[in-house]
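Each protein sequence line maps, in turn, to chains E and G.
Positions 1 to 359 (our numbering) are the ones given, in order, by the first sequence.
Positions 1001 to 1359 (our numbering) are the ones given, in order, by the second sequence.
The C-beta atom is built at its ideal place from N, Cα and C for all residues, glycine as well.
In this text, all values refer to a predicted model and were calculated from it rather than measured experimentally.
Protein chains: 2
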Amino acid sequence: MRPTVNDIAREAGVSLATVDRVLNARPGVREKTIKAVNDAISRLGYVRDLSAANLARSRTYRMAVVLPDTESQFVQTLADTFQDAGHLVATARIDLSLHRFPPEDPHALAALLLDLPARGYAGVALMAPETPVLRDAVRSLRARGLPVVALVSDLPNTGRDHFIGTDNRAAGRTAGVLMGRFLGGGPGQVMVIGSSLLARDMIERRRGFDEVMLRDFPGVSVLQSLETHGSGRTLRQVVTEMLANAPDVRGIYAMGDGHRALTQAIQELGLSGKLTVICHELTPHTRKALEAGEITAVIAQNPGHLARSTLRVLRAKVDNLPLDEGQEQIRIEVLLRENLPPTPSDAPDSATEATSTAA
Amino acid sequence: MRPTVNDIAREAGVSLATVDRVLNARPGVREKTIKAVNDAISRLGYVRDLSAANLARSRTYRMAVVLPDTESQFVQTLADTFQDAGHLVATARIDLSLHRFPPEDPHALAALLLDLPARGYAGVALMAPETPVLRDAVRSLRARGLPVVALVSDLPNTGRDHFIGTDNRAAGRTAGVLMGRFLGGGPGQVMVIGSSLLARDMIERRRGFDEVMLRDFPGVSVLQSLETHGSGRTLRQVVTEMLANAPDVRGIYAMGDGHRALTQAIQELGLSGKLTVICHELTPHTRKALEAGEITAVIAQNPGHLARSTLRVLRAKVDNLPLDEGQEQIRIEVLLRENLPPTPSDAPDSATEATSTAA
DNA sequence: TCGGAAATGAGGTACGCACCTCAAAAATGC
DNA sequence: GCATTTTTGAGGTGCGTACCTCATTTCCGA
């Protein structure tokens, strides 16, 4: 059998109460005694039974997930995934709630964040561009003891506790190799489109992309980034114009969202399948476009992994537990028409663990 | 607060004992009463508290993971991952043990398997080629109530309870697109190498590869598969000969293992970087070769995911619980030099739930 | 209508841990 | 050596569920 707290007490020659004090870092124990207990722990190879511990605590942590309120399908999918994972309350004593903020209003976001501690939250996961107000808000939260986790787009200068998402620079590099190789390295131009060039994820993707293109595919010239500010209208207009005037454009790298407008523009110009189009995130739309050959490749991060990882990390941070870094790495997925995962969209979304009644 | 069994009892107007009987599918309850309880359950939205349930059960299930005893680095990594996850005993009341069998001796494997029930095992995960003896052994296990999970290579005709691994056909297709596009679709020959052409995963990869090459890249001619039977010696010899005599070979698709010999042969012939080489699985060696540019792309499945998924699935099967299909899908990873994950090789692989003793 | 079988209730113990209280022992300062 | 503070011990309760026993009630068929 696995050793229990009682075994430790016996082994260390102390009482249960003392073991408990040491295990939970409660005050009032001499250094010497702490050491004795820890020695016993390592001698017996004791491992705290988390099921029992959580049960005994029977305290649930309120966690906030804060996402921008854009119409982006990716963000929407992410929101849905978190929503579904809310049932996780069951097993991990986490009470999750979703918050959205107007993407163009950093002050509203800051206000939202700063209100969280008062409302009893114990941790926050946040997807937002790094602005000065945001930086202050995050710092303030952390000062009050709330762990803050950056989601999808990192917030390196805020002191966030963790970043959950792909390495966007590497994602950009990956897009670069694929683009370069798919174009055969030959001459031609590549358009780069991003929603907002301020968001850290965009910047890093662009940097990674350029890095590879310059180094490995000097024959291909990469045009300046086009900024669309999330507006499909703008995107479509700009792309149409651009493509009409630049016959040398053989590839498009869409770093952000607004893919619908993009593929529409391509279709209208009759360029479907003639361009190498690489974009990010698997959404219903990009899936369809991939299947139809309108998009060549999608660089994606799995929303399910993001959500699960977020919850694990938040829990670990709140409890001050170590992480399994390997498990928390969000991989960069390369999706082609040929390796599209079967759509689980209409599969009933069961909770992580379901209740079984008689068969 | 979440509803508990007591709430259900009250809501359904029955006693706790009856609720328990229904929840755990024990006999001696009228249909009508079962329904009443289930109604109460859904009305209250009851979800069994797994922490408490596992605690109360305090029974651990012995699970066997059975892997071939080859020197393949991938299998080795997999074995290590399982080994590390053995600490999972802690949280999921799973007692995991690893078994290896001589890859060329299906009878030894069958004997090993058939001995498991007597030794108190409650479930098996198995990576092995499908032979008639194996089929019978698996059927026998399942008849005795042991769930059997196929690992990496599916065993479709054995009635296995689940398959954990990538869709190998899709993996082959992915290799195909990459090969075709990287070659620019132009003329040339592609060598295909596999360790054993009997293993289901090899067959499916080859099928997927051919499918794409024939359909989308008719200009590229794909040579017959070379079988190496896991021998590096044979592989090296065959490849060297082949490459020397066929100057048109521009790409190599290595479906299985033995990459070391392959890259050696390529190096010796001075063809490093001049061929498009695609192979499977991320191992220390393929990582290095990828970084050095000797291998162009690696199609991989993540051993950590495989191991974790295996444990979750085994547990669910043993407990007769439903699965979260989405989470159990093993994605096909496309690895290029540009998106190689940082090596976590020396990061300690803690179990799904980490242990914390005093900080 | 009665008897046996089936269904249900009442209540208990255990799982491993967190957290509480109060008393007793040990260490400390003077 | 005494009073004071710090440390430790003993013991209890509860978390939500599993699983057990034994008594009681309800059901069904003859």
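8 angstroms Cβ cutoff met for residue i and residue j
i       : j       : result
G/T1296 : G/T1310 : no
G/S1015 : G/R1062 : no
G/A1292 : G/H1259 : no
G/M1127 : G/G1176 : no
E/T283  : E/F74   : yes
G/R1183 : G/G1123 : It is worth fixing the name first, because residue 1183 of chain G is Leu in this sequence and not Arg. No; because the gap between Cβ atoms is not below 8 angstroms, this pair is not in contact.
E/I164  : E/V318  : no
G/R1205 : G/G1172 : yes
G/L1365 : E/T174  : For residue 1365 of chain G there is no data in the structure shown, the boundaries of chain G being 1001 and 1359.
G/H1107 : G/V1133 : yes
Residues of its chain near residue i, where Cβ-Cβ distance is below 6 angstroms and the 5 sequence neighbours each way are ignored
i       : result
G/M1001 : none
E/D20   : none
G/R1100 : L1067, D1069
E/V334  : none
G/P1003 : L1044, Y1046
G/D1210 : none
E/Y121  : R62, A64
G/G1145 : none
G/A1036 : A1012
G/N1168 : D1201, E1204, R1205
Beta-carbon proximity list for residue i, same chain, < 7 angstroms, skipping 5 on both sides
i       : result
E/C279  : A254, H259, T286, I295, V298
G/L1223 : Q1189, V1190, M1191, V1192
E/A246  : Q189
E/D346  : Per-residue confidence for E/D346 stands at a pLDDT of 41, beneath the threshold of 50, marking its modelled position as unreliable; no derived number is given.
E/R59   : R93
G/L1114 : A1137, S1140
E/N368  : Chain E is shown from 1 up to 359; residue 368 of chain E falls before or after that span and cannot be answered.
Closer than 8 angstroms to chain G by CB, residue i
i      : result
E/N54  : yes
E/T352 : The pLDDT assigned to E/T352 is 33, lower than 50, so where the model puts this residue is not dependable, and the model offers no usable value.
E/Q83  : no
E/F182 : yes
E/V212 : yes
E/R59  : no
E/G176 : yes
E/Q301 : no
E/S327 : Going by the sequence as given, residue 327 of chain E is Gln instead of Ser. Taking Cβ atoms only, chain G reaches closer than 8 angstroms to E/Q327, which makes this a yes.
CB contact check: residue i to chain E, cutoff 8 angstroms
i       : result
G/T1033 : no
G/P1341 : yes
G/L1146 : no
G/I1332 : yes
G/L1336 : yes
G/D1020 : no
G/G1273 : no
G/R1010 : no
Residue burial classification, residue i (beta-carbon count within 10 angstroms, cutoff 16)
i       : result
G/D1039 : exposed
G/T1147 : The sequence given here places Pro at residue 1147 of chain G; Thr does not occur at that position. When all chains shown are included, G/P1147 counts as buried.
E/A56   : exposed
E/P103  : buried
G/Q1301 : buried
E/A79   : buried
E/S361  : This structure cannot settle anything about residue 361 of chain E, because the visible part of chain E is limited to 1 through 359.
G/A1316 : buried
G/S1195 : buried
E/R119  : exposed
G/P1027 : exposed
G/Q1267 : exposed
E/T343  : exposed
E/D324  : buried
G/N1157 : exposed
E/N24   : exposed
E/H229  : exposed
For residue j and residue i, believed in contact at Cβ under 8 angstroms, the rounded distance
i       : j       : result
G/A1265 : G/T1240 : 5 angstroms
E/L151  : E/E130  : Not confirmed; about 12 angstroms, so no contact.
E/R331  : G/P1341 : 7 angstroms
G/A1244 : G/F1082 : Their Cβ separation, rounded to whole angstroms, is 41 angstroms, which puts G/A1244 and G/F1082 out of contact at 8 angstroms.
G/L1235 : G/A1261 : 4 angstroms
G/N1339 : E/A170  : 5 angstroms
Closer than 7 angstroms: residue i CB and nearest the ligand SAM heavy atom
i       : result
G/A1125 : In the structure shown, the ligand SAM is absent, as is every other ligand, since no ligand is present at all.
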